[in-house]
Every structure is written in structure tokens, then in C-alpha cells.
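In UniProt numbering, the protein residues as written are 1 to 793.
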């Protein structure tokens, strides 16, 4: 009887969720001991709830939530949660664990992950993952693969997000650098055997920061694998399908401290027949998965959810338990408003999403709230301006305050006229005095630093978590030795008193030993103290909302160029020798200085190749096939999405069957007919305004290139009508048109592109777009005010 019960239990799909990341990117929020990272709200839902909801939906029946810190807090939260009866959630706690490897070794020692067959896998997942993936097909594929080859012990779920890089337009302006859901330090480089009948086998997994241009792949792999694909555009989602052998390997190798290190070492094993194998399962284009590494990615993932990129994980579809308490309704401009508790909005309040307003929150008169998530029971005064911020529960913001790209934690108070600029974090219970303006990227807390603090929670005795919550952080209960040791590790920071006379809190001090400021072999004593402080400050800023990573990526790109043997002195060798008479560049591989763009093969015309790919496309085949082909070429030549849409637009004009003497009406009719098929491609490739601007510049290029199409397109009102058609079809936005107009207005009068801009019909269209954009803004303000009149006192 007992054996039968065991088999029944062992046949359940199990999962392990790591409730600690063993990092510190959410400090000082997690210093209060009652807010471990997995319990921080993302769009007014705890991170942990997203993970458990996903696993329950995947068919997991037994879930082990591993807690190294604040285990009692997490366990109490889990016990109070109203989860579906189909999943049994258990907390496993061990405060001595300091890394993911030790956590998995501890679980292996407990023998809680068991199955009646080694082919039955379990799911391993980090607690900061947000996803809508249908993982069942990947699990079944893993099972089939393992039955044929029991060395295939793990499947890594990966999402295509694009690699990092600094790309510039013809004017030298940065047009892209990296996906917003990748952390700035993420430079994952992998090699895949895509020809393997078993699937995408990972041959190399290098997760080191991008300070080098090289990676190592065993030469034996080239002999054993007919096709190897090198990629830096994939994101490790933090979701892994594992056979029980994975835990055994961790127990055998105590050097495996992190999951990434485990993968990197396993795939590098060369002994044929003895090595284990790890495979990649690449998500579909309509599937979403991202890790919240830091506050910068926290903000990016929040916006993605608000924009419904992770459907059905959206605010108006609350997780289990939340749906009984809250009900959100999406209103104009993707603004989600809670309906059961009903907020109160003052007169002339401007609301513009993507954003949320939680239950029982009140907003004063003439207040502007754009792109902001507001929690429950918040009080916001008159004349307040809040942009791209995250306001947690029970926050008070008094009249005239300004908040921009910041996080305000529970129960904090921002007094009249205070300014909280980008990158700031105001911790639980802090007070910022009247008319105080904090420096950018300041992090304020009332709690003490602890040596072992973790970004999900704080190392230490859980029993003291509530009793210390009212401390102002000025005194320490630790021993004198501990205090002195802490002082040695803490960097000098801004002077005290920046919060004002009636302020409450302190400026958080960054401990440089918590950050990868040094190379592995460097000597701390040999590094200049000021340089250490600058590097630590940059790391903290790079993990903050509002940080622009362009300078980081530019420096990384330059370092790699220098390592490859390139320098500024060699730039002249790559100059274009035959610029066209029309004033535009024929060689799209060169930047504004005539230097070959990194990753592109000299002599290859990227735009011409992309255009030819589009010209070869048959309209009877799905446009998705073309998108995949363009994407593959993009990676092989380090091209951009802007290059792709440029090539596609030039191909459309070349496909138009126009005869000499065709007028504007004939051109636009033919163009609209082509858009019926090509419009979907532009929607998928235009991720930002930059790609939309590239579309307009491609139309300019077609207009000044001569030929039948060029002759028609360059004459009024053809150019204006083509722009208007794209605008009407929502392929280009007001913002793109106005940004292009601002750039075109600065061109030389002799430039043929300037002549297109100065055409009266074009000017009339630009003026109409400006007025339409202004009217939309006015409508937003007036409608918000009128909608709130009924709720105003």
C-alpha cells in the first residue's frame, strides 16, 4: 500500500521556485526584512504570485519554494494565499545557503524531487520571472529527447530579444542599443547545433559581461557538428526543464554556484559519450518571458504587461485570489483603473497610460499622471506631476510635488514641492521634506545595511523582521566589530541632510564588495578609491529606472574593436570612395564617418541585400516567412530593424508597376494595394519610433533616386500622400512624423531631401499632424477632468 502511494506521489509534475536571487539589485528596498523581492508588487501584484500562477497553469501539482532568507515571511504569505487546490505549495528554508547551487544541493539532500522514471522532469524557475509561455510542449519534447538519450538532462527556455549594440543613423544619432528587458550587464553568447535531430543543442554558453570580443568553443565541436549557429540575441528566461540528474550533478560538483555556471561548464565537456547535453527551447514570437534582474528591467517588464505583450497576464485579468478583491478596467490610453474600491480623481486631471490606479486612491486637481503605476490607498495632492513612476501602497504625495522615473515604496511621504528625479528609490516609511530636490539616482531608506542582504530579502533572523521596521537606521544593534567592519566596506556618499529638516531616512550607502567592480584577479588596494566609487555608482545607476545605457554600450563596443585590432586611425581605410551625387549614401554599411559598422562584411550592401530578399518574396506566401528570413539576415550582418524596414520599403516602390506619366493618384493606389500585404510586416518590425523614422527616410531615398517611381514620388503631392497613407494605417505615428520633420528642417537647402520637406503639401501635412497631436493632448486633459467630476468632492 505504501509503495503504491509513493508511486502516485512521484508521478506528479514537480517544480522548484528559487525565492532568492542572491544579488543586491533591489537594495535598499529589501532592507526592511518584510519586503523580500518576490513579494514586491509589479503592477499591484506580488512577483511570487505571477510565478505560482504560471506553474499552476502548467500543470504543476507540487511546488517547492526555496527561501534562503526571510523564509518565515514568504511562508506566511504562501499559507495565507488562496491558490487553486490543484497545486500544493511548500516552503523549504535554509538560512545558510548563499547561492543557487547550494540551494539545489540542499534540495537533492532532502530527496524531495523524485520520480518513478528519470524521464519525468521537474521545472526549475527563478522567482523573478514573468511569463505566459505554454511550457507543456517543451516538457514533452524534453521527455522524448531524454528517452532516446539519457545524457540530455536539461532544456533552457530562451527568448529572442535582439543583441546589444550601438547602431547609428545617417546623422550619427544612436537609434538602438539593446532590448529593455535585458539587464545592461547581460551579454549572453551561445553556440547552437541547429541541425541536430534532437533539437537546438547548446555547444557554448558564455554569460560573462561584454568586456571581450572573443569566446571559447572546443575545436572538437566543429568536427562533430555539421552546423553551428552563433547568437547573442537570446535571453535566458530563468525557466529550466530538468531531469533529476541535474540535482545529482550539482551535488557532485561544489564549484557550481550559479545555474549559468552549471550550464556553461556542462556544455563545454568534450569527452564524447560521457558528457551531458543541454538544449535550448526558443519561445514563439507571441510568447513572453523575462526576468526582473533590477529596477530598470522591473520598469520595462511592467510596461510590457500594461501594453498587453504578455497576454493573458494583464491587469484586467488578475491572478487567483486577487480577482476576488480587485477588478481593473482598461480605459483610454491603456490606463487601468480599479473598479471595486473606486478611486477619486480631481478636476482637470490628466491621465495617460500605460499605467494603473489602485483601489481607494485619491488624486487631486490639475494633476498629471503619465505612464505610472499607482498602488492602493494612495493620496496624491493638487498640481502634482508624476511620470513613468511606480507608487506602491499607502503613499502620500503632497501638492506641487514632481516624481519622474522613480520608485516610491509603501508608506512613504513626499511633501509639498519636493522633486524626486529619475532613478530614485524612496524606501518604506521615508519622508522627503518640502521643496527638497534629490539628486538623480538617489536611494533613500530608514533601515540598516546588513552584510548579507539579498535583493529578494535580508539575511538574518526572521523573528526580528517586524520589531525593527520603525528604526531610522541611525543606530546598530550589532557588535562594535561588525560596525567597524561595515564601515570599512561602505563607500563615501553624498552628505547627510539632503532630505530636509523634517525628512526621515538616510542616503543608502553602496557596499562596493556587493558589486562586480573589479576583475577577478585585481587587487582592491591597487585600485584608486575614486575610480572604485565611480564604477560602483555607474553599476547602481545602470540598474535603475531612467538609465540610458548608450554610453556603456559605446564603451563596450570600442573596447571590443580595440581588442580586435581596430582603431580610429584605421577608420580612413574604410571611407566610401563614391558618394552619390544626390547627397545620400549608397553604402549603408558605413556610418556617418565612413567607418564599417561592426559585424558587417566589407563590400556587402546590407540594404541592397535586404531589398532583394523582399523582392524575391512571393505575396502568395505568409509574410511571417519573410520576417524570419529578414531576421536571420539581420543577425548575420549585425543589421538593425531600421535596416530591415528600409529594405522592405524600397522593395515595395521597386515592385510598383508604374508607367511614365503616372500621377500621384496612380502611385498612391498602387502603394495602398501593396500595403495590404506588407503592412503586417511593418507592424512586426517597427518596435520603436526609430524604425518608423527609417521608413520615412526610405521614402525620401526612393523619391530622390530617379526612375519612374522617383519622378512621381518627388513631385507634389505624392510624397505627402504616401506619408499620409502610412499615418492613416497607423504604421507611422505622430511622434515619428514630427521627429523626422525636426531633423529634415536642419538639412542644407541644397539637399534634395530638404526639398521634399519644404514642399507646401508636405508642410500642410506636418502642420495637420502637429494640430492633431495637440488636440489629442487637450482631449486627454478635458476628458479626464470631466470623467472625474462625478467622483470629486
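Cβ atoms here follow ideal geometry from the backbone N, Cα and C, with glycine treated the same way.
Legend entry - Every unbroken alpha helix (DSSP H) within the segment 603-627, with a cutoff of 4 residues, ordered by chain: 606-615
Legend entry - Straight-line Cα distance separating residue 88 from residue 554: 48 Å
Inset, instruction - Put residue 796 into one of helix, strand or coil per three-state DSSP. - result: The question about residue 796 has no answer, for the chain in this structure spans 1 to 793.
Inset, instruction - Tell me residue 93's beta-bridge partners as DSSP assigns them. - result: 67
Inset, instruction - Compute the Euclidean distance between the alpha carbons of residue 56 and residue 86, then round it to the nearest angstrom. - result: 7 Å
Inset, instruction - Pull up the distance between the alpha-carbon of residue 794 and that of residue 105, whole angstroms please. - result: The structure shown does not extend to residue 794, since the chain is modelled only from 1 through 793, so no value can be given for it.
Legend entry - Separation of residue 93 from residue 19, as counted between CA atoms: 10 Å
Legend entry - residue 292 beta carbon less than 8 Å from that of residue 305: no
Legend entry - Buried or exposed (CB count within 10 angstroms, at least 16 for buried), residue 376: Counting the other Cβ atoms within 10 Å of the Cβ of residue 376 gives 16 or more, which makes it buried.
Inset, instruction - Taking only the alpha-carbon atoms, compute the straight-line gap between residue 358 and residue 411 and give it to the nearest angstrom. - result: Distance between the alpha carbons of residue 358 and residue 411: 15 Å.
Inset, instruction - Compute the Euclidean distance between the alpha carbons of residue 704 and residue 436, then round it to the nearest angstrom. - result: If you take the alpha carbons of residue 704 and residue 436, they lie about 54 Å apart.
Inset, instruction - In the DSSP assignment, find the unbroken alpha helix (DSSP H) run with residue 370 in it and report its ends. - result: For residue 370, there is no enclosing alpha helix (DSSP H); the enclosing beta strand (DSSP E) has its first and last residue at 368-370.
Inset, instruction - Please report the Cβ distance between residue 655 and residue 615, rounded to the nearest whole angstrom; I am assuming they are in contact, meaning their Cβ atoms lie under 8 Å. - result: 7 Å
Inset, instruction - May I have the straight-line CA-CA distance separating residue 15 from residue 373, to the nearest angstrom? - result: 31 Å
Legend entry - Spatial neighbours of residue 431 in its chain, beta-carbon cut-off 6 Å, leaving aside the 5 residues before and after: By the criterion of a C-beta distance shorter than 6 Å, residue 431 is surrounded in its chain by 413, 503 and 504, once the five residues flanking it on both sides are discounted.
Inset, instruction - List the endpoints of the continuous beta strand (DSSP E) containing residue 880. - result: Outside the modelled stretch of the chain, which goes from 1 to 793, sits residue 880, for which no answer is possible.
Inset, instruction - For residue 298, I'd like the list of residues in its chain whose CB is within less than 6 Å of its CB, leaving aside the five on either flank, ordered along the chain. - result: 292
Inset, instruction - Have a look at residue 225 and residue 198 and give me their C-alpha separation to the nearest angstrom. - result: 13 Å
Legend entry - Cβ shell of residue 725 (< 8 Å), same chain only, five flanking positions each side left out: Hits under 8 Å: 668, 671, 672 and 675.
Inset, instruction - Determine the DSSP secondary structure at residue 350, reduced to helix, strand or coil. - result: Looking at residue 350 - three-state DSSP - the assignment turns out to be strand.
Inset, instruction - Pick out whichever of 329, 327, 756 and 120 has its Cα sitting closest to the Cα of residue 244. - result: 120
Inset, instruction - Give the secondary structure of residue 240 by DSSP, where H, G and I count as helix, E and B as strand, and everything else as coil. - result: Looking at residue 240 - three-state DSSP - the assignment turns out to be strand.
Inset, instruction - Report yes if the C-beta distance between residue 380 and residue 363 is below 8 Å; otherwise report no. - result: yes
Inset, instruction - Determine the extent of the alpha helix (DSSP H) in which residue 262 is found, giving its start and end residues. - result: 259-267
Inset, instruction - Below 8 Å on the Cβ atoms is my guess for residue 733 versus residue 692; work out the distance and round it to an integer in Å. - result: With 8 Å as the limit, residue 733 and residue 692 qualify as a contact, their Cβ atoms being about 6 Å apart.
Legend entry - Every unbroken beta strand (DSSP E) inside the segment 262-328 [3 residues or more]: 277-282 and 289-291
Legend entry - Buried versus exposed call for residue 720 [16 or more other C-beta atoms within 10 Å across all chains shown]: buried
Legend entry - Buried versus exposed call for residue 497 [16 or more other C-beta atoms within 10 Å across all chains shown]: exposed
Legend entry - Bridge partners - residue 728, DSSP secondary structure assignment: The partner list for residue 728 (beta bridge, DSSP) is empty, contrary to what the question assumes.
Inset, instruction - Check whether the segment 95-102 touches the segment 240-259, taking contact to mean three or more Cβ pairs, one atom from each stretch, closer than 8 Å. - result: yes
Inset, instruction - For residue 402, write down the residues that DSSP places opposite it in a beta bridge. - result: According to the DSSP secondary-structure assignment, residue 402 is paired through a beta bridge with 385 and 419.
Inset, instruction - Reducing DSSP to helix, strand and coil, say where residue 754 ends up. - result: helix
Legend entry - Between the CA atoms of residue 125 and residue 237 - distance to the nearest angstrom: 9 Å
Inset, instruction - State yes or no: is the C-beta of residue 624 within less than 8 Å of the C-beta of residue 31? - result: If you check the CB distance, residue 624 and residue 31 do not come in under 8 Å.
Legend entry - Span separating the alpha-carbon of residue 17 from that of residue 49: Each residue's CA atom was taken as its position, placing residue 17 and residue 49 some 11 Å apart.
Inset, instruction - For residue 504, name the three-state secondary structure that DSSP assigns. - result: Here residue 504 sits in strand by DSSP.
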